[in-house]
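Participant:
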Amino acid sequence: RIGSEFHRWLGEHAEQLGLKSGQDFFRFVCEDMVFYTRQYERIRRASLSPAQGLEPVYHVAAFNFTLQYPLLLAPLRITDTPEVIVRKIRAVAVFLDILLARRAVNYLSMTYGAMSYAAFLIMRDIRGLKPTILVDVLVRRLDEQGCTFDGTADGRRNGFDGFALNQWSKRYIKVLLARMTAHLETASGMESSAARYLVEGRGRYEIEHIWADHYARHRDEFASQADFADYRNRFGGLLLLPKSFNASYGDLPYAKKRRHYPSQNLLAWSLHEQCYERNPGFLAWIKREGLPFVAMEDFRKADLDARHALYRQLADRVWDPGRLVAEAG
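Printed below as a string of structure tokens:
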């Protein structure tokens, strides 16, 4: 009821909230509400444009998850220091970021209706917690969701193995590719951010299939147009490139198209041999992480499978639960 009829809930639970006298109500309106309103405004701004220290808030907002605001506010206390406030917001945002990415690859809904009950239970459990305890609770809650990149605990979803582009997954695939591309570039010593790839309007990026939509070029590996179309949509066969690039080169055979990848983002560039020449930051990072990035002169079915497996490993780095543990400080 607190999530739908707050005014009635407040009236019925005023005493439990310490609202017994006029002075109590004055404090509630002029101090508590002012504090939480200011924090909401701060979180809202960070959701629209990355703010230093609060980047995870922007990442969660990219999934269009509207319940993030009450969840991010839940652990805050009016007596928290500015540093503690940031730590708490970051911890909850990182938790949500990992959870939503896992739900996306399992085709699980993120609407208010699908997630409100679970979200309100989490809000209750994290209310006013200290940062270290907050992280412990969130780690446990993440494990209890029964949803990972491997699939769901009930066996009905198979996670990354079956993840592909369709009308539902399109918006989330763009978010995942943006995050993975930015992470790869940043880890390799380049200046980058997911916002660069998620911006709308002029210069926007679009999902591009590595294979152009020409079944005739792949008849030797696919028995039918439908089989080819399904495989072409697999996550490992996708990139994020400027709309202008797609318009100019999207229809070309792979061998011709990849000549232009060195001028694009690092995830696309990694398909070309030039990426592995005089690129010390990238080479050092993939070696340290054990990621099997390789140039691909051809891009056949087996190559797409290898790329799909690589994307899974890269996603494990981006949405590593260890990031949440690290927020405990």
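Under my numbering, residues 322 to 650 are what the sequence shown spells out, in order. In this text, a Cβ means the ideal position worked out from N, Cα and C, and glycines have one as well. All values derive from a computational prediction rather than experimental measurement.
(1) If you draw a straight line from the alpha carbon of P391 to that of R398, how long is it in whole angstroms?
(2) Can you name, in chain order, every residue of its own chain whose Cβ lies under 6 Å from the Cβ of G602, other than the five neighbours on each side?
(3) Would K276 be called buried (16 or more neighbouring beta carbons within 10 Å of its own) or exposed?
(4) My output table needs one value for Y428: the three-state DSSP class, helix, strand or coil.
(5) For the stretch 458-471 and the stretch 479-489, state whether three or more C-beta atom pairs, one from each stretch, are separated by less than 8 Å.
(6) One question on the structure: do P377 and R448 come within less than 8 Å of each other, judged by their Cβ atoms?
(7) Skipping 5 residues on each side, what residues in its chain have a beta carbon closer than 8 Å to that of R633?
(8) How far does the beta strand (DSSP E) with E527 in it reach, from first residue to last?
(9) Check whether the Cβ atoms of L463 and L635 lie closer than 8 Å to each other.
(10) Count the C-beta pairs between the stretch 549-556 and the stretch 576-592 that are closer than 8 Å, then say yes if the count reaches three, no if not.
(11) How far does the alpha helix (DSSP H) with P452 in it reach, from first residue to last?
(12) Which word fits L369, buried or exposed, when buried means at least 16 other C-beta atoms lie within 10 angstroms of its C-beta?
(13) Taking three-plus beta-carbon pairs below 8 Å as touching, is the stretch 613-628 in contact with the stretch 398-411?
(14) What is the DSSP secondary structure of L560, counted as helix, strand or coil?
(15) What ranges does the alpha helix (DSSP H) occupy inside the stretch 584-618, keeping only unbroken runs of at least 4 residues that lie completely in it?
(16) Among residues of its own chain, excluding the 5 on either side of L588, which ones have a beta-carbon nearer than 7 Å to its beta-carbon?
(17) Inspect the beta-carbon positions of G524 and P574 and report whether they are closer than 8 Å.
(18) I'd like the list of long-range same chain contacts for A367, defined as Cβ closer than 7 Å, with 5 residues on each side in sequence excluded.
(19) Consult DSSP for G476 and reduce its assignment to one of helix, strand or coil.
(20) Leaving out five residues before and five after M617 in sequence, what residues of the same chain have Cβ atoms less than 6 Å from its Cβ?
(21) Note the first and the last residue of the continuous alpha helix (DSSP H) segment covering Y433.
Facilitator: Taking the structure as given:
(1) 13 Å
(2) S509 and G510
(3) No statement about residue 276 is possible, as the shown extent of the chain runs from 322 to 650 and does not include it.
(4) coil
(5) Touching, yes.
(6) Between P377 and R448, the CB-CB gap reaches or exceeds 8 Å.
(7) F470 and F481
(8) Y526 to H530
(9) no
(10) no
(11) P452 to E465
(12) exposed
(13) no
(14) strand
(15) Runs of the alpha helix (DSSP H) inside the stretch 584-618: 587-590 and 601-610.
(16) Cβ neighbours of L588 beyond the five flanking positions: M501, T502, L505 and L560.
(17) No Cβ-Cβ contact shorter than 8 Å links G524 with P574.
(18) L375, V378 and Y379, listed in sequence order.
(19) coil
(20) L592 and D624
(21) Y433 to I447
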